[in-house]
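Worksheet for the structure shown next.
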Ligand code: PEP
Ligand code: MG
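Residue numbers (this note's numbering): 14 to 595.
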């Protein structure tokens, strides 16, 4: 048995279909001077062909067009094309070699930046390079499309385009050697409902084409050539999951109410508008967090007012009459945007980020706010959320900019909706302790536990070395959450939670006990959280929380919570295995 990261849940049985692109060799030779123009033409023709094949794929899979658009943009990137062209004309390298050299250079720049987000972008550059190369050499995609229906695709890595192409073949599962739970392959595999285990080291060496294989995408397990006993065991696991899944599905669409009548809103976190249909199908009652910074990623220029208005408008339209909370950009730290040139920082997580960046560069913030206000006003729906607010001064300064832009729009004859609500993310410890004051200047709170835990416990949320210290049930975190919710209640404003821990069914009773009005999470997590909350009494949740707050250690709080959940809803622990990857 090999282990990896369970990136898309479900158990699948099938036969290995190996794709090992790394073995493909490409020509590497110097060309005579007079052939350079011809080689450049070959390069450009291959780019055109690769673009056409991506456009064709995009038409077949419109839900994933954002990722494919990003790849299309990369294909036009001067750094890639001019770089390759220079290798041909200056160094007389053949087109394949030149392209690979340019890809190598771009990768090197991403390497130098070295955080998780750029690691993902690095593989995007590889995929784009691969597609152009295969257009030049006429190889590759035939092999992917040749996967039979019962195939478990085993590869070193897959591009999002590969994953979509594979979905057309309805393969049983995906196993790759690289990639994590947040990679494009993982996100798409989940969206396509294909079990996937990523980061499974050496699997392409260990698996033989045609071998029987079991993939447990929930537990992150890959079993090669299983015996009868193992096959029976995994069939048992699959049956259990199928029953639980059917139970979850039956409840999709019902409001989330505890047995003693406490209503909790369940909302979706989204990065791009295209995620909304799937989130609604999972029973999300709206969007609790739109991470608008994703509009900046992969763009050479800053998005203009119209681009913001269109993206926000698309979200509001896709939601019908359901609510949407649109967050202003949270660029900086681990989320970088090409068009935003930031100074080199030793500690980006403690640097220019989100609203601080907006206040340092007001035109950028003004443009986005105008786009948001236009989209919201035209529909009289939607609210604006401000990330990383750490003081009353910052909040007041951003609100002043917003007020000025609303007046300006009115002066320009654009109707402005006065019902627009403005919320604050509570994700800095300082914001927790001045929550009563912040509440005077805003209409709602959204608690961002991803950052609140990072900054409370002093651990980098993307650093695997300290991942074990990332504890939502740390007494210091629990008390901060209690204080923030208490401030909202004292001031009579709604408070929701939008960090990843909202998607963990085993934590749901604690969040219920804290009194959050709504939880916002990746859409696919909504059914399992609803399942738990509709079986746990609010009274019991409050009693559980009170006991948790009396503990000294995270370990003791965790034991209390696990015990209470296990007693009330034993299935929640099985749901948890899938939750870890949602
Ligand atoms: C958070 O910090 O919890 C949050 C939801 O925001 P992000 O993950 O985008 O920083
Ligand atoms: Mg945050």
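C-beta atoms are modelled at their ideal positions from N, C-alpha and C, and glycine is treated no differently. Please read all numbers here as calculations on a predicted model, not as lab measurements.
N-terminal and C-terminal residue of the alpha helix (DSSP H) that residue i is part of
| i | result |
| --- | --- |
| residue 496 | 488–504 |
| residue 529 | Unbroken run through residue 529: none, as it is neither H nor E. |
| residue 167 | No alpha helix (DSSP H) contains residue 167, which is instead part of the beta strand (DSSP E) from 164–168. |
| residue 332 | Where residue 332 is concerned, there is no enclosing alpha helix (DSSP H), given that its DSSP letter is neither H nor E. |
| residue 552 | 551–562 |
| residue 401 | Per DSSP, residue 401 belongs to no alpha helix (DSSP H) and is neither H nor E. |
| residue 472 | Run containing residue 472: none; DSSP gives neither H nor E here. |
| residue 78 | 78–89 |
| residue 479 | Element bounds for residue 479: n/a, residue is neither H nor E. |
| residue 579 | 567–581 |
| residue 219 | 216–219 |
Per DSSP, the bridge partner or partners of residue i
| i | result |
| --- | --- |
| residue 460 | 439, 510 |
| residue 541 | BP columns for residue 541 are empty, so no partner. |
| residue 21 | 209 |
| residue 13 | Residue coverage of the chain in this structure runs from 14 to 595, which leaves residue 13 outside it and unanswerable. |
| residue 396 | 338, 434 |
| residue 228 | 25, 235 |
| residue 16 | 234 |
| residue 106 | 43 |
| residue 30 | 166 |
| residue 535 | 282 |
Rounded Cβ spacing between residue i and residue j (contact assumed at less than 8 Å)
| i | j | result |
| --- | --- | --- |
| residue 443 | residue 403 | 5 Å |
| residue 205 | residue 189 | Wrong, their Cβ atoms sit about 15 Å apart, outside the cutoff. |
| residue 382 | residue 418 | 5 Å |
| residue 480 | residue 522 | Actually they are not in contact, since the Cβ atoms of residue 480 and residue 522 sit about 24 Å apart, beyond 8 Å. |
| residue 486 | residue 562 | Rounded, the Cβ-Cβ distance is 11 Å, inconsistent with contact. |
| residue 112 | residue 65 | About 17 Å separates the two Cβ atoms, so there is no contact after all. |
| residue 371 | residue 405 | About 16 Å separates the two Cβ atoms, so there is no contact after all. |
Start and end residues, beta strand (DSSP E) containing residue i
| i | result |
| --- | --- |
| residue 4 | Given that the chain is displayed from residue 14 to residue 595, the structure contains no residue 4 and the question cannot be resolved. |
| residue 236 | 234–237 |
| residue 68 | Residue 68 -> not in any beta strand (DSSP E); alpha helix (DSSP H) instead, spanning 49–73. |
| residue 186 | 186–189 |
| residue 414 | Unbroken run through residue 414 is the alpha helix (DSSP H), 405–424; no beta strand (DSSP E). |
| residue 429 | Segment: none, residue 429 is in no beta strand (DSSP E) and carries neither H nor E. |
Between the region 334–341 and the region 390–402, can you find at least three pairs of beta-carbon atoms closer than 8 Å? Contact holds: three or more Cβ-Cβ distances are below 8 Å.
Entirely within the region 239–315 and at least 4 residues each: give me those alpha helix (DSSP H) ranges in chain order. Counting only runs of at least 4 residues, the region 239–315 fully encloses the following alpha helix (DSSP H) elements, listed from N- to C-terminal order: 241–264, 289–294.
State whether the region 340–357 contacts the region 306–318, with contact taken as three or more CB pairs (one from each stretch) at a distance under 8 Å. Yes: the two stretches touch, three or more of their Cβ pairs being nearer than 8 Å.
Indicate whether the contact test is met: 3 or more Cβ pairs, each with one atom in the region 530–540 and one in the region 240–249, closer than 8 Å. The answer is no - the region 240–249 does not touch the region 530–540, with fewer than three Cβ pairs under 8 Å.
Meets three-Cβ-pair contact criterion under 8 Å: the region 220–240 and the region 255–263: Look at the beta carbons and you see the region 220–240 not touching the region 255–263: under three pairs across the two are nearer than 8 Å.
Contiguous alpha helix (DSSP H) assignments of at least 4 residues, all confined to the region 339–383: Listed in chain order, the alpha helix (DSSP H) elements of length 4 or more contained wholly in the region 339–383 are 367–373.
Counting pairs of beta carbons, one from the region 216–224 and one from the region 546–565, are three or more of them closer than 8 Å? With the rule of 3 Cβ pairs closer than 8 Å, the region 216–224 does not count as touching the region 546–565.
Indicate whether the contact test is met: 3 or more Cβ pairs, each with one atom in the region 431–442 and one in the region 452–464, closer than 8 Å. The region 431–442 is in contact with the region 452–464.
Whether or not the region 81–93 and the region 315–324 are in contact is what I'm after, with contact meaning three or more pairs of Cβ atoms, one per stretch, closer than 8 Å; do they touch? By the C-beta criterion, the region 315–324 is judged not to be in contact with the region 81–93, since fewer than 3 inter-stretch pairs fall below 8 Å.
Kindly confirm or deny that the region 48–61 and the region 103–111 touch, where touching means at least three C-beta pairs closer than 8 Å. Output reads yes: the region 103–111 touches the region 48–61.
Does the region 14–28 touch the region 226–235, meaning 3 or more C-beta pairs lie closer than 8 Å? Touching, yes.
Would you call the region 295–305 in contact with the region 267–284, where contact means no fewer than 3 C-beta pairs closer than 8 Å? Between the region 295–305 and the region 267–284 there are three or more inter-stretch CB-CB distances shorter than 8 Å, so the stretches are counted as touching.
Taking contact to mean 3 or more Cβ pairs, one atom from each stretch, closer than 8 Å, check whether the region 535–545 and the region 560–576 are in contact. No, they do not touch.
Looking at C-beta atoms only, is the number of pairs between the region 325–333 and the region 287–300 that lie closer than 8 Å three or more? Taking 8 Å as the limit for Cβ pairs, the verdict is that the region 287–300 does touch the region 325–333.
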